[in-house]
Each structure stands twice: as structure tokens, then as C-alpha cells.
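Be aware that the sequence shown starts at 2, since it is given in the working numbering, and climbs by one per residue.
Below: one structure, written as C-alpha cells.
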Amino acid sequence: MGQSELAPEEAARRDRLQELISELDWFLKAYRDTESPTTWVVDEAGDGVEIKPLNPARYLQHTVWDRGNRFALLSATMLSKESFCRGVGLDPSAVALVDIPHTFPLENRPLVNVTRGKMTYKHRDETLPRIARLLVQLMSRHPQEKGLIHAHSYGIADTLVDLLCEFGVGSRIRRHGRADRDAELAAWLNASDPEVFVSVKMEEALDLHGDRCRWQVLCKAPYLDTSDSRVARRLEESRWGWYHRAALRTVIQACGRVVRAPTDSGTTYLADKSLLELFDRAATDMPPWFADQVAAITTPSLPDFDPDAALTGVGSTDQAHSSGRGATNNQFGSSPSSTEANQTRSETDAQRRDDHPLSDVWGDE
């Protein structure tokens, strides 16, 4: 008997698998080649496996550089031309670096030292409560402006949110998890209240121009995870310069989230003392325009710790109450009540969705 004909979706899946096999074939040959100079690292998690070259330069030649004659690479965080070329397999003598000065005024992109201790694993438990209290002070300093908190990890984010709710300022806080990241980001951007968004891994690809966000806090120096096999292997080879450059690159990316044009302005607060140490260690790799920012770091006088003052801007927007789903002060058109102070705005919105008479019609989104 002949084989039964595949359904269209089955045929499409078969073709895609064959395409993947073809694409991966030369990678597998290189991985299995005992004479290959490439060092491979393998990470297994759940039902997946990652096989990565310690140095991808050899493979970029095949996947990128062989596919064109000239390339224009645009980046504000290349940092070191020689290190970049070495990492991607390019001859530095064949690469021209065009360094363009920053077009945003220095006074519009200030860095502010509000460090409260180190956020290394050893010191984190004693530093996190101090940072949580700091956030309340900064909320008082910016009562009418949205803020972004770069928590670095979900563990840090959860602890900060719990402490902020204990302080009674949860009604100004929005958070996200892995599953609702985009939805909570959209809710924060659309909110008319000056919500403070506790985020994880939002240092890049986020355009917070104008009043979308006027201040942000870096809670931890964003060093790479040393449990990653590729990171651990490089540190075994004492590649500390690479390690510090990677963290500096992320810091520079984060600083650019709240200042998007020459006429825009936004303040970046540094809460982790390790950030200042990073600036010292990576000083030779800093772009001149960022070195100017670091040299101009200030240490401000902050308001007293006052949770009530931190909430003065919540619900102050003069908008009509809405009974529909359109966003006013929050997604449901009303300001948070005093009984909601121990809940985040995310939790309050979710509860109101569940309690709304049209919740059965809306369903889960």
C-alpha cells in the first residue's frame, strides 16, 4: 500500500524540519569534529538542550560575513573596536570606526548616585530593604512622573514589590511576570497615573520618550550570569575585561531608555555600589560621551521616607470616571482606594477584571 497523503500542515512541518536539518548539518559536523579548534559548551534545561561555541567568530564568517562585501554596523555600545573585531571574527585593519559625538545635552541625561550598598549575593539581603526605602523617597521626589525600576532578576523584583506593598505604596507600583510582560508594559505605558514599573530585562529596545518615563533606577550592576556555561568558561580563562565590558554595555543601554531625543530628558539613579566599581574597572572602554556622564555624577538630597508623599500623584489626573474598559486613572477608570495600598496596580487591575459584570464576556486575555 502506498503512503497516505500528508495534510497541508503536516507537509509544511516536514518541509520546515528538513530545512532545519540542512541548516544545522554543518554545525553538527563541526561539533563532532574532534580535530576542530572550537570549544563547545552544552547547557541542558527542562526538555531542551543548547550547544554553543565558546567563540562564535568562526561561524559568523559563514552566516554573516561571506554574504556581502561591505557592512555598516551601527551601535552606541561597541566600546572596544579591537575586542569587538576579535569576538566576531573581523580583521581590525579592515574595519573603520566612525565615532560620532553624542547629540543629547549632558544636562538632559544625568546619572545620580543614590547607592545603598552592594547587590552582590553576599550583601543582597541587607541592601534590598534599603533600596526599597530609597524607591519610596524617589517616588516622593517624582510625584507626578512615571518611573522604571530595573530589578535585574525576578527574585529581586519580587522582594522589592513585597517591601513596597508593606510600606503601603503598592497602588503606584506595576509589575510583570514572564507570561504577562508585554501586557503589563502596555498597561504601564497607557496609564495616566504616575505608575512605577518594576521590570526585569528591559534595558534594551524600549522607547520611553517624553512623559512616558522621566526617571529610572538601576538596582544592580547587570553582570552576566556566571552559571551560564559560556560565561563560566570565559572567566576560567580570566577574561575579566570581557565580563566588565558586557555589564557596562548593558548599563549604557539602560541609561538610554529615558532620553530619546536632544530635547528629551530623564534621570538615571544608581542604587548599587557595584555600579560605581564597574565604572572604575571599565573606564578605558567607556565612550567619551558616557565618561562625561560618569564624571558628572551627582549625589542629591532626597525627601524623607514618607509613603503618603510617594502617593500624592496617584489619582490626581482630572478625568471622568468610565464604566467601560477604556483606561483613565487605571484600566477601569477609577483611582485606587486606600484599601488597595498593599496591592500592586497589576493585582488591583486583575481583581477588578474578575469582579466586573462583563468579565465572563471578556474572558481571560
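C-beta: ideal position from N, C-alpha, C; glycine also.
Taking a cut-off of 8 angstroms on C-beta distances, the segment 216-226 touches the segment 140-154, as three or more cross pairs fall below it. When secondary structure is reduced to three states using DSSP, K53 falls in the strand class. Just so you know, the alpha carbons of Q344 and T104 end up roughly 41 angstroms apart. Annotation for L219: the continuous beta strand (DSSP E) segment containing it runs W216 to L219. A distance of 8 angstroms or more separates the beta carbons of A247 and L277.
Excluding sequence positions up to five before and after E83, its CB lies within less than 8 angstroms of the CB of P93, all in the same chain and listed in chain order.
At least 8 angstroms separates the beta-carbon of M287 from that of V197. Relative to D163, the option among A297, N109, H143 and I132 whose CA is nearest is I132. Judged by pairs of C-beta atoms under 8 angstroms, the segment 166-177 does not touch the segment 252-272, as fewer than three such pairs exist. DSSP places W241 inside the alpha helix (DSSP H), whose first and last residues are W241 to C256. By the CB criterion at 8 angstroms, V137 and A272 fall outside the cutoff. The three-state secondary structure of D34, taken from DSSP, is coil. When C-alpha distances from A262 are compared across I101, F85, P106 and G90, the shortest belongs to P106.
For E45, the enclosing beta strand (DSSP E) has its first and last residue at W41 to A46. Around V113, the same chain offers T268, T269, Y270, L271, I298, T299, T300 and P301 as residues with beta carbons nearer than 8 angstroms, after the five sequence neighbours per side are excluded. If you look at V199, you'll find it in the beta strand (DSSP E) that goes V197 to S200.
Burial check for V50: the Cβ neighbour count within 10 Å stays below 16, so the residue is exposed.
The alpha carbon of L25 has as its nearest neighbour, out of E36, A46 and Y60, the alpha carbon of Y60.
Contact between M203 and H151 holds: CB atoms are separated by about 7 angstroms, below the 8 angstroms threshold. When the beta-carbon positions are compared, T39 and A31 come within less than 8 angstroms of each other. The continuous alpha helix (DSSP H) containing R87 extends over residues K82 to V89. The Cβ atoms of W41 and P57 do not sit closer than 8 angstroms to each other. Taking C-beta atoms as the reference points, E108 and G118 fail to come closer than 8 angstroms. In summary, P195 is buried, with 16 or more beta-carbon neighbours lying within 10 Å of its beta-carbon over all protein chains present.
Distance from V96 to A158 at the Cβ level is roughly 39 angstroms; contact not present, criterion being Cβ atoms closer than 8 angstroms. Taking C-beta atoms under 8 angstroms as the contact rule, K221 and H143 fail to qualify, at a distance of about 21 angstroms. Rounded to the nearest angstrom, the Cβ distance from W243 to R235 is 6 angstroms, consistent with a contact under 8 angstroms. With at least 16 other beta carbons inside 10 angstroms of its own, E185 counts as buried.
The three-state secondary structure of L303, taken from DSSP, is coil. Per DSSP, reduced to three states, the secondary structure at T345 is coil, with no helix or strand assignment. For the set V259, T227, V232 and L190, the Cα lying nearest the Cα of H210 is the one of V259.
Exclusion of the five residues before and after T313 leaves P144 as the residues of its chain whose Cβ lies within less than 7 angstroms of its Cβ.
Non-local beta-carbon contacts of D212 in its own chain, meaning distances under 8 angstroms to residues more than five positions away in sequence, involve E146 and K147 in chain order. About 33 angstroms separates the beta carbon of H245 from that of L190, a gap too long to meet the 8 angstroms contact definition. In this structure, T160 places its C-beta atom within 8 angstroms of the C-beta atom of L129.
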